[in-house]
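Comments concern the structure below.
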Amino acid sequence: MTELPPSLAEETAARIREEIAHGRLTAGQKLSEAKLSAELGISRNTLREAFRLMTRDGILEHEPNRGMYVATPSMASTLDIFRVRRLIEIPALAQAWPRHQAVARMREAVERAEALRAKDDWRGVGSANMDFHMGIVALTDSPRLISFFARIVVELRLAFGLLDSPEMLHRPYIERNRQILTTLEAGNPEEASQILAEYLDQSERAVMAAFARLG
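Going by full-length UniProt numbering, the letters in the sequence shown line up with residues 1 to 215, in that order.
Here it is as structure tokens:
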């Protein structure tokens with residue numbers, strides 16, 4: 001069966017998710033209909049439909065008499081994100097073909113993060129990190145998993161935004177990503193997946209500590 005092309009509202013929702021995934025929109029930020037519709041070149045009705053789709057997915061929240069806001073993830077939802085990441089990313093890496101074309105995407109993300117680290121552009125490093133993990137999931141060659149994980153990345157970026165220092169969060173993982181990549185390219189996907197498993201445990205602890213400080 002032929003898939004229908006995405007509607008304008010769905011395309012708009014995808015563009016807004018991209019803004020969140022790259023840290024340009026953050027948790028708790030109020031969204032202006034007038035500004036966004038002008039920037040995106042769409043009608044307010046289309047934008048409202050995109051808002052509805054994203055509210056359904058838990059990415060946006062509508063507050064009566066106040067407007068639309070980027071959602072702030074809860075501790076429970078963030079723990080669930082890490083649970084999902086382990087179920088998807090670790091097997092994807094363990095079963096990967098070291099010469100898969102997605103490895104080039106992972107390499108580009110690592111090199112970009114290293115270059116941005118030299119410029120102290122930690123938001124950019126965060127975006128490169130998201131692209132690295134999207135590359136891991138692309139190793140599966142599953143359009144459904146890739147599409148699903150792209151939404152998970154948006155929620156993950158919102159959780160990362162709760163940390164006081166993006167440098168403290170992202171700096172350790174630049175070298176970890178390089179290590180995972182090098183291990184995979186050397187033909188050891190199972191070992192690379194074990195490094196990733198430890199990495200996810202460490203990242204989860206850092207984000208949970210941020211939640212504890214907020215509480």
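C-beta atoms are modelled at their ideal positions from N, C-alpha and C, and glycine is treated no differently.
Quick one: what's got a C-beta closer than 7 angstroms to residue i's C-beta in the same chain, skipping five residues either side?
i: residue 12; result: 40, 42, 46, 47, 50
i: residue 196; result: 89, 90, 93, 180
i: residue 33; result: 44, 47
i: residue 170; result: 122, 125, 126, 129
i: residue 216; result: The requested residue 216 is not part of the displayed model; the chain covers only 1 to 215.
i: residue 107; result: 181
Excluding the 5 residues preceding and the 5 following residue i in the sequence, name in chain order all residues of the same chain whose CB lies nearer than 6 angstroms to its CB.
i: residue 105; result: 135
i: residue 167; result: 122
i: residue 140; result: 92
i: residue 9; result: 46, 49, 50
i: residue 53; result: 13
i: residue 199; result: 176
Out of the options, point me to the one whose CA is closest to residue i's CA.
i: residue 163; options: 6, 120, 150, 73; result: 73
i: residue 192; options: 53, 68, 52, 89; result: 89
i: residue 18; options: 111, 153, 129; result: 153
i: residue 109; options: 201, 198, 176, 6; result: 176
i: residue 26; options: 165, 160, 107; result: 160
i: residue 142; options: 7, 206, 202, 102; result: 102
i: residue 120; options: 21, 151, 133, 165; result: 165
Can you give me the Cβ contacts of residue i inside the same chain, cut-off strictly under 8 angstroms, excluding the 5 residues immediately before and after it?
i: residue 208; result: 75, 78, 79
i: residue 58; result: 71, 77, 155
i: residue 137; result: 88, 89, 92, 145, 146, 149
i: residue 211; result: 75, 78, 162
i: residue 182; result: none
Residue i to residue j, Cα distance in whole Å?
i: residue 174; j: residue 62; result: 36 angstroms
i: residue 131; j: residue 65; result: 37 angstroms
i: residue 187; j: residue 99; result: 9 angstroms
i: residue 2; j: residue 213; result: Residue confidence is low: residue 2 scores 45 on pLDDT, short of 50, so the model does not pin down where it sits. No coordinate-derived value is stated.
i: residue 28; j: residue 38; result: 21 angstroms
i: residue 16; j: residue 158; result: 13 angstroms
i: residue 172; j: residue 116; result: 14 angstroms
Based on DSSP bridge pairs, tell me the residues matched to residue i.
i: residue 22; result: According to DSSP, residue 22 bridges with nothing at all.
i: residue 62; result: 68
Considering only their Cβ atoms, is the gap separating residue j from residue i smaller than 8 angstroms?
i: residue 82; j: residue 204; result: yes
i: residue 113; j: residue 128; result: yes
i: residue 35; j: residue 67; result: no
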